[in-house]
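A.B. asks: Pasting a structure here, questions to come.
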Amino acid sequence: MGNVQCPRCEKVFNTFLDDERMRLGSFYDSEREESFDRLCEKCYRFVMDK
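Heads up: the sequence shown begins at 28 in the working numbering, then just goes up one per residue.
As structure tokens, this is what we get:
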């Protein structure tokens, strides 16, 4: 592993150095009308709180 990019916010995370978690699954953002297979924790919370 190494660098992982969140497809929603396009921020790049280093899996060894960053504390940010990536969530895997099937997520639908109704605001953008897009589906994602992984999200960073911040985007995950935003999408799930809708």
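Ideal Cβ placement from N, Cα and C applies to all residues, glycine included.
Which residues in the same chain have their Cβ closer than 6 Å to the Cβ of Phe40, if we skip the five residues on either side of it in sequence?
C.D. replies: Val31 and Glu47, listed in sequence order.
A.B. asks: Looking only at its chain, what residues have a beta carbon closer than 7 Å to the beta carbon of Arg72, apart from the 5 residues adjacent to it on each side?
C.D. replies: Same-chain partners within the cutoff: there are none.
A.B. asks: Quick one: which unbroken beta strand (DSSP E) runs of 3-plus residues sit fully inside the region 28-54? Chain order, please.
C.D. replies: Listed in chain order, they are 30-32 and 39-41.
A.B. asks: Would DSSP call Glu58 helix, strand or coil?
C.D. replies: Here Glu58 sits in coil by DSSP.
A.B. asks: What are the start and end residues of the alpha helix (DSSP H) that includes Lys77?
C.D. replies: Note, Lys77: premise wrong, no alpha helix (DSSP H); not H, not E.
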